[in-house]
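In this note's numbering, the protein residues as written are 3 to 356.
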């Protein structure tokens, strides 16, 4: 009888290289579907390439952003619905690029999991590819990490990295924001990808299951309604920038809501005066506020409350900018105006109808 110990393999430690190779083959057509000028989108090498000249830029400034999806992923994991969180991942990055006047060009993802399931992975990356198509950027690579012991089986996390470009001298915000400029808002698709630790706490206290009907969305389960992906505003906003030259500043309404995000793009001497009566908050926010007994100020600094993007425009061009955005399918609301700053960077008038 031999006392020789059996040799261990990477698979014995919980890492399946073959599953990783299977996933790569499954996603190759998805990656190719994001091809655009400047990128051939073939994967498998040690790095992705992008040709700025082929993309039409003469003297570009590169703009980079990275983000994740946060605890919204827990709803996807617990409900088994993985095909939309990739859109959220792309949206959270590319919306941050376009607010600086940059066109998103390329995207890379990082997908970490406890045990790689090629079907689950392909569903996630199908969403990433869809987000890239919506944003007009190429998915040029990424990384899949199988890390047993770091994540439980079935659990995963996502991170995204986006790079865009703008011609020198065209970046936003512009330095000419003045009193009387008009503030427009673009409707959100729902909660987007912020505040989900609070959302999940409210759901837990409500006693509802993810498979139960959503109290605020007829014909959808609670998981389906809350997993509605973040709206990607890139193409409509780029059209408005290029056609009107009237946009002075943009703010992506993410964590921190109106209260924290709008002042980031305004000169220190100015504030945003927001008319809350103008906002038609979707039913999901009314349900969250009611179930969680959340105060209005807390709603405004935690959630987008129905407005996913804020735009500052010259007063004489507000109608023109709004028309371009509406033609591109956006719901545009006039939210307020720029005023001299006295204390807070955002001044609220009226109240949210929740």
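For glycine and all other residues, C-beta sits at the position ideal for the given N, C-alpha and C.
Predicted model, so just to flag it, every value in this text is computed and none were measured.
| field | DSSP three-state assignment for residue 31, whether helix, strand or coil | value | As a working note, residue 31 is residue 29 in the chain shown. Here residue 31 carries a helix assignment [DSSP, helix/strand/coil].
| query | For residue 307 versus residue 283, is the C-beta distance shorter than 8 Å? | reply | Numbered from its first residue, the chain shown carries residue 307 at position 305. Numbered from its first residue, the chain shown carries residue 283 at position 281. By the CB criterion at 8 Å, residue 307 and residue 283 fall inside the cutoff.
| query | Buried or exposed: where does residue 231 fall if 16 or more other Cβ atoms within 10 Å of its Cβ makes it buried? | reply | Along the chain shown, read from residue 1 onward, the residue named residue 231 stands at position 229. The residue in question, residue 231, is buried, as its Cβ has 16 or more Cβ neighbours within 10 Å.
| Assuming residue 250 and residue 315 make a contact with CB atoms under 8 Å, what is their CB distance in whole Å? | Your numbering for residue 250 matches position 248 in the chain shown. Your numbering for residue 315 matches position 313 in the chain shown. Confirmed, Cβ separation roughly 6 Å.
| field | Minimum C-alpha distance to residue 81 - residue among 310, 122, 300 and 180 | value | One-based indexing of the chain shown puts residue 81 at position 79. Here the closest residue by C-alpha is 122.
| query | From which residue to which residue does the alpha helix (DSSP H) around residue 261 run? | reply | To locate residue 261, count along the chain shown from 1; it is residue 259. For residue 261, the uninterrupted alpha helix (DSSP H) segment begins and ends at 259-263.
| field | Residue range of the beta strand (DSSP E) that includes residue 87 | value | Looking up residue 87 in the chain shown gives position 85. Note, residue 87: premise wrong, no beta strand (DSSP E); alpha helix (DSSP H) at 87-100.
| said: For residue 36 and residue 297, what's the separation of their Cα atoms in angstroms? | reply: For the purposes of this step, residue 36 is taken as the residue at position 34 of the chain shown. For the purposes of this step, residue 297 is taken as the residue at position 295 of the chain shown. The alpha-carbon atoms of residue 36 and residue 297 are separated by roughly 42 Å.
| query | CB residue 113 to CB residue 160, shorter than 8 Å? | reply | Locating residue 113 in the chain shown gives position 111, where the first residue counts as 1. Locating residue 160 in the chain shown gives position 158, where the first residue counts as 1. Going by C-beta atoms, residue 113 is nearer than 8 Å to residue 160.
| If you follow the beta strand (DSSP E) that residue 142 is part of, which residue opens it and which one closes it? | As a first step, residue 142 must be located in the chain shown, where it is residue number 140. Judged by DSSP secondary structure, residue 142 falls within the beta strand (DSSP E) whose first and last residues are 140-148.
| Residue ranges of each beta strand (DSSP E) within the region 293-354, 3 or longer | Counting only runs of at least 3 residues, the region 293-354 fully encloses the following beta strand (DSSP E) elements, listed from N- to C-terminal order: 309-315, 334-342 and 348-351.
| request: Leaving out five residues on either side along the sequence, give the residues of the same chain with a beta carbon under 7 Å from the beta carbon of residue 133. | output: If you number the chain shown from 1, residue 133 lands on position 131. So the qualifying residues of the chain are 88, 89, 91, 92, 93 and 234.
| request: Starting from residue 169, trace the alpha helix (DSSP H) both ways and give me its first and last residue. | output: On the chain shown, residue 169 is found 167 positions in, with the first residue counted as 1. Looking at the DSSP string, residue 169 is not in any alpha helix (DSSP H); the run it does join, the beta strand (DSSP E), is 158-169.
| message | Out of 9, 143, 347 and 340, which one is the CA nearest neighbour of residue 179? | response | Taking the first residue of the chain shown as 1, we reach residue 179 at position 177. The alpha carbon of residue 179 has as its nearest neighbour, out of 9, 143, 347 and 340, the alpha carbon of 340.
| message | Check this for me: beta carbons of residue 144 and residue 110, under 8 Å apart or not? | response | Here residue 144 refers to the residue found at position 142 of the chain shown. Here residue 110 refers to the residue found at position 108 of the chain shown. Residue 110 is positioned such that its CB atom lies closer than 8 Å to that of residue 144.
| For residue 223 versus residue 120, is the C-beta distance shorter than 8 Å? | Taking the first residue of the chain shown as 1, we reach residue 223 at position 221. Taking the first residue of the chain shown as 1, we reach residue 120 at position 118. Cβ distance not < 8 Å, so residue 223 and residue 120 don't count as in contact.
| task | Would you check if the distance between the CB atom of residue 104 and the CB atom of residue 167 is smaller than 8 Å? | result | Here the question's residue 104 lines up with position 102 in the chain shown. Here the question's residue 167 lines up with position 165 in the chain shown. Result yes, Cβ atoms of residue 104 and residue 167 sit closer than 8 Å.
| message | Could you tell me the alpha carbon to alpha carbon distance between residue 264 and residue 274, rounded to whole angstroms? | response | The count along the chain shown starts at 1 and reaches residue 264 at position 262. The count along the chain shown starts at 1 and reaches residue 274 at position 272. Spanning the two alpha carbons is a distance of roughly 7 Å.
| task | Please name the residue in 101, 72 and 18 whose C-alpha comes closest to that of residue 255. | result | Your numbering for residue 255 matches position 253 in the chain shown. Nearest C-alpha to residue 255 among 101, 72 and 18: 101.
| request: Rank 164, 147, 311 and 156 by C-alpha distance to the C-alpha of residue 140 and give the top, closest one. | output: Residue 140 sits at position 138 when you count from the first residue of the chain shown. For residue 140, the closest alpha carbon among the candidates 164, 147, 311 and 156 is that of 164.
| Close Cβ partners of residue 302 (< 6 Å) along its chain, the five nearest in sequence each way excluded | For this step, residue 302 is matched to residue 300 along the chain shown. 259, 260 and 261.
| Once you ignore the five residues that flank residue 208 on each side, which residues in its own chain have a CB closer than 8 Å to its CB? | Sequence index remark: in the chain shown, residue 208 carries index 206 (1-based). Within the same chain, residue 208 has close Cβ partners 293.
| field | Separation of residue 76 from residue 210, as counted between CA atoms | value | Here residue 210 is taken as the residue at index 208 of the chain shown, counted from 1. Here residue 76 is taken as the residue at index 74 of the chain shown, counted from 1. When the Cα atoms are used, residue 210 and residue 76 turn out to be separated by approximately 15 Å.
| According to the neighbour-count rule (16 or more other Cβ atoms, all chains shown, within 10 Å of its Cβ), is residue 46 buried or exposed? | Your numbering for residue 46 matches position 44 in the chain shown. With fewer than 16 other Cβ atoms within 10 Å, it is exposed.
| said: Is residue 302 near the ligand PLP - that is, is its Cβ less than 7 Å away from at least one heavy atom of it? | reply: Ligands are entirely absent from the displayed structure, and the ligand PLP is therefore not among its contents.
| field | Contiguous beta strand (DSSP E) assignments of at least 3 residues, all confined to the region 202-285 | value | Within the region 202-285, the complete beta strand (DSSP E) runs of at least 3 residues are 249-254 and 272-277.
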